[in-house]
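The structure appears below as structure tokens.
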């Protein structure tokens, strides 16, 4: 049909393809028509000349690294320069590590990697000729795995982990690259010329800005109780057809009687009829529409009552009327955090064992001091239950029978302490003699776990050193050797040591009372200046003994001053990892410590001496009385500058109720010149130490705890340094970087998601269908006629309009619109009588052809 209906017109049968990455312009169905908008020969796409797209000739490889070691990923690229490289971690652009592209060698390095650094890493490479990507899986073993607390999935890695062999098998549909998943670079396809002078290009959908496939506020976490029905629903928007599926444990979920999926074009739901703990885990929904794909991972927690505590209570510090009980938490908390423990006791001294009685239901830790309800000389058994938000566990194993002491047999702990030198045991593991319980803490050296002796039941603490390198093992040996010289009631004692490669462990006293400053801010604790004197006196006594042995601690700070128990005022000094024995012939210089507590000579890298510890005691005393740090700056650099200059003063408000003797005591310690600082002996003889001996302590004014609480809050943030680094990384990853050059559609999917997409691609396939058919129309001469229908099908159908049996040609008065949403419209402007006819829309794709007709009548 001619657009202007006045004269016959012939147009060249070639089409010029200007988009190099689009499919060939030749129609698949061979439909012939005429396009008046294009003339001339059909040429090849305008691809860049003499440019090669990037290709990985040596791909990234999966690897395993230990926490704290360096992680290195390497690959080799070919292709025309310049090549732009972007690294992704779990599909998100990285904001940590060091990326480099040296010639054809590409690498990515993460220094001192953390467990949070594990996951899928992808290298995206792009130049003007195309784009490619290569992925590798990285596993990071945490300290717990390395020391046997949890199952280690892989063997120990080298100190610096580089590309290693992957055990993961690629999917059959994916391109294989030595165990890594690579996507082929974009290539340019040559356009085949149209052979017939009468052939026209079928109309294709326009790529208008329709709805982009995206999730709408997807949930991150679901929580259900055991036995309940779980409905995991994710909503999204996209361009129909939209299909979806769910993945768990790298396998696509198949519908069954216990678990099935429900799908619409706006949402996808995974239904678990009756949830069990085995259903706990991560689930991924993969969604695909006709233009793109997306995935979202969420976590399902199926919560239940916790299991019983793993061990029965163990008693220690037994006196005539009180004792301290310790136990291990449950192996499985039911999927919901344990909120506390309920302790029960039974009197075994009666002629018949009595009933179990509740001792307390408000214990929030795995230790408890029983200070009431016990009779001297009586025998008792104990058991404990754990509880969470769901309910209470069954009881733990029953403790051994505990006999309370008689009143006249009471001894203080210090009197009962027997000291012995420790020899490192190289023929046994620590677990040969001790049971391993929960983790108590972590540090640069390694981890601390609670232990209990298998024969005596004595509760101890085990310091697990990293110990993989000779330097680390030597440092551990040095600390153990030093502690053989530190036998004093105010210093924590070493009870044993084990060197069984790869682990090295020191067994120490278990100190149950917690950090001193945490005790002070407890609402039930009295916080006064006389009480502070008692604590400082004990610190001086312990450090004085160390100094008599010519040993300097070098890491005195509040965290290393702990209370012996939860009720008394006795303290002990811990952590001698940085301690050193002074040699009168060789000057000792160090560069370590905590900024707020180290002395100026440490920062200046000058020789340290016994007086170096006295500076730290002065800072601790200042904080103990005021709740403020004398050298606290806005940053570590500012803090170090204040310490170096020894710039400090007594805050008028904070020291309003503090005696002059206390201020003089602090001033005698915070002196920049080490020679002018008090020694421990001088400190113990200071008037402040004796000021309150004869006074009535009940009349002493209580000090405010608010500033101390703020100080502790700041310290807890600093102590979480590595955790904060990881949080910062995650925060950066979660930001929506407006400057990012890669869209979400470019981000690679996991291998199992790629496999699911192939399945969804097949699921989307279907022949053309008219969801809205053409309707007959009657229009007046000279007016505009619009014949509209709506199409579905995948791949997108191509359409040709026919007037009678002749193809319709677009012109100034004839237009064909085929929108992104599937709406196809033939527009005839200024119709004449000869335009009256039967019009047909013919839709074709790989799966078939469909026709829809309507009659146009011109009045």
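Numbering (our numbering), first residue to last: 62 to 920. From the three backbone atoms N, C-alpha and C, an ideal C-beta is built for every residue, glycine too. Please read all numbers here as calculations on a predicted model, not as lab measurements.
Where the alpha helix (DSSP H) through residue 465 begins and ends = Segment: none, residue 465 is in no alpha helix (DSSP H) and carries neither H nor E.
Straight-line gap, residue 906 to residue 854 (C-alpha atoms, nearest Å) = 8 Å
For the beta strand (DSSP E) holding residue 830, just list the boundary residues, first then last.
-> 827–833
Sort 435, 702, 188 by Cα distance to residue 116 and report the nearest one.
-> 188
Those runs of the alpha helix (DSSP H) which lie wholly inside the stretch 520–606 and span at least 4 residues = 531–544, 577–581
Nearest to residue 452 by alpha carbon, out of 433, 402, 492, 482?
-> 402
Thinking C-alpha only, which one of 164, 709, 664, 156 is nearest residue 182?
-> 156
Contact set for residue 660: own chain, Cβ-Cβ below 6 Å, skip 5 residues either direction | 673, 676
Could you spell out where the alpha helix (DSSP H) holding residue 679 opens and where it closes?
-> 672–687
Looking at the unbroken alpha helix (DSSP H) that takes in residue 728, where does it start and where does it end?
-> 721–728
Return the bridge partner residues of residue 185 from the DSSP annotation.
-> 147, 194
Mind checking whether residue 427 and residue 499 have CB atoms under 9 Å apart?
-> yes
Under the rule that 16 or more other beta-carbon atoms within 10 Å means buried, what is residue 635, buried or exposed?
-> buried
Residues near residue 744 in its chain [Cβ-Cβ closer than 6 Å; skip 5 each side] = 601
Around the C-beta of residue 878, are 16 or more other C-beta atoms found within 10 angstroms, so that it is buried, or is it exposed?
-> exposed
Using the C-alpha atoms, what's the distance from residue 395 back to residue 852?
-> 52 Å
Could you pull the start and end residues of the alpha helix (DSSP H) that residue 697 belongs to?
-> 697–706
Between which two residues does the alpha helix (DSSP H) carrying residue 431 extend?
-> From DSSP, residue 431 is part of no alpha helix (DSSP H) but of the beta strand (DSSP E) over 428–431.
Could you pull out every residue in the same chain whose Cβ sits closer than 7 Å to the Cβ of residue 834, ignoring the five residues on either side in sequence?
-> 850, 913
Name the two residues that bound the continuous alpha helix (DSSP H) containing residue 751.
-> 748–751
In its own chain, which residues sit with a C-beta less than 6 Å from the C-beta of residue 302, not counting the 5 before and 5 after it?
-> 825, 855
Have a look at the DSSP bridge pairing and note the partners of residue 911.
-> 904
Cutoff 7 Å; reference residue 569; Cβ partners in own chain excluding five residues on either side = 521, 522, 524, 553, 554, 555, 556
Confirm, please, whether the CB-CB distance from residue 346 to residue 305 is below 9 Å.
-> yes
Quick one: any contact between the stretch 712–727 and the stretch 599–614, if contact means 3 or more CB pairs under 8 Å?
-> no
In this structure, what does DSSP give as the bridge partners for residue 354?
-> 349
Near residue 593, which residues of its chain fall below 7 Å by C-beta distance, leaving aside the five closest residues on each side in sequence?
-> 685, 686
Roughly how many angstroms separate the alpha carbons of residue 130 and residue 284, rounded to a whole number?
-> 35 Å
Hey, would you say residue 386 sits closer than 9 Å to residue 327, going by beta carbons?
-> no
Reference residue 294; option with closest CA among 287, 768, 358, 354 | 358
Leaving out the 5 sequence neighbours to the left and right, which residues in its chain are closer than 6 Å to residue 336 when beta-carbon positions are compared?
-> 285, 289, 291, 363
Among 437, 199, 342, 320, which one has its Cα closest to the Cα of residue 121?
-> 199
On the three-state DSSP scale, how would you describe residue 323?
-> strand
Where residue 516 and residue 735 are concerned, what is the direct C-alpha to C-alpha distance, given to the nearest angstrom?
-> 49 Å
For residue 329, I'd like the list of residues in its chain whose CB is within less than 6 Å of its CB, leaving aside the five on either flank, ordered along the chain.
-> 295, 305, 346
Report the partner residues of residue 309 according to the DSSP bridge assignment.
-> 312
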